Amino acid sequence: MANSLSLVEQPSQRQMDALWTLWERMAAMFPGKFTRDNGTAPAKADGTLSTAGQTWATALRGLTARQLGEGLSACLLKGLEWPPGPAKFRALCLNLPTFGEVEQEMRPGRDRSAFSMQVRAMMDLHTFNTADGFQQERMLRAAYEQAMRYVAEGGKLPEPMLALPHERPTLPVVSDREKAKAAMARAAADLGFGEEVKG
496 MANSLSLVEQ PSQRQMDALW TLWERMAAMF PGKFTRDNGT APAKADGTLS
546 TAGQTWATAL RGLTARQLGE GLSACLLKGL EWPPGPAKFR ALCLNLPTFG
596 EVEQEMRPGR DRSAFSMQVR AMMDLHTFNT ADGFQQERML RAAYEQAMRY
646 VAEGGKLPEP MLALPHERPT LPVVSDREKA KAAMARAAAD LGFGEEVKG
């Protein structure tokens, strides 16, 4: 009888090759740390996937060899000291921003990636904007995890949004000082200031 908890029933040869590649590279990049948490191999002696192997196979499902390579490269380029978990590794493969990057992109005047736009779509922005810092972080973290699951399930991301350029306000140039003085005098009289505007 098949184990009902199995996440991947019969992995293909391609899936098994990807898992073995992942195990070898992660063990090399994070000596001792990766295998301590995930075991020395993705499969048991009888060839069936271990629990960690099943979890990682699910995380890798649908990824191309190129995306897998990008995820492994990102572990090195980002200087990670600890191996990422399956969900975070999938995010690296898909080139999704980290939680810290999304947190920065949520600030006013910042460009927002497609993923950050999805995170925003999963929040009540009014409640977020009126919450204190601790509540905002909790809401953002929950929306981030929800967006990660959405992407993992094949959800389509919205378009990214560029921040509007910030332009310094400029003072109007007065070309005719006499006309400006007369207009100010009329405005003062209309408002009942009763004093003539002096130049």
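Quick note: the sequence shown uses the working numbering, first residue 496, plus one each step. Glycine included, C-beta positions come from ideal geometry on N, C-alpha and C. The structure presented is a predicted model; accordingly, all values stated were derived computationally and were not measured.
- A direct Cα-Cα distance of roughly 12 Å separates D606 from E598.
- In the DSSP assignment, W515 falls within the alpha helix (DSSP H) that extends over Q508 to M524.
- Annotation: the stretch 597-671 contains no complete segment of the beta strand (DSSP E) (minimum length 3 residues).
- Put simply, the backbone Cα of M511 is about 37 Å away from that of M634.
- Shown here for M656: same chain residues with a beta carbon closer than 8 Å to its own, the five before and five after excluded, namely D606, R607 and M612 in chain order.
- Considering only P667, A638 and C570, the residue with the shortest C-alpha distance to A523 is C570.
- In the three-state DSSP reduction, A538 falls in the strand class (E or B).
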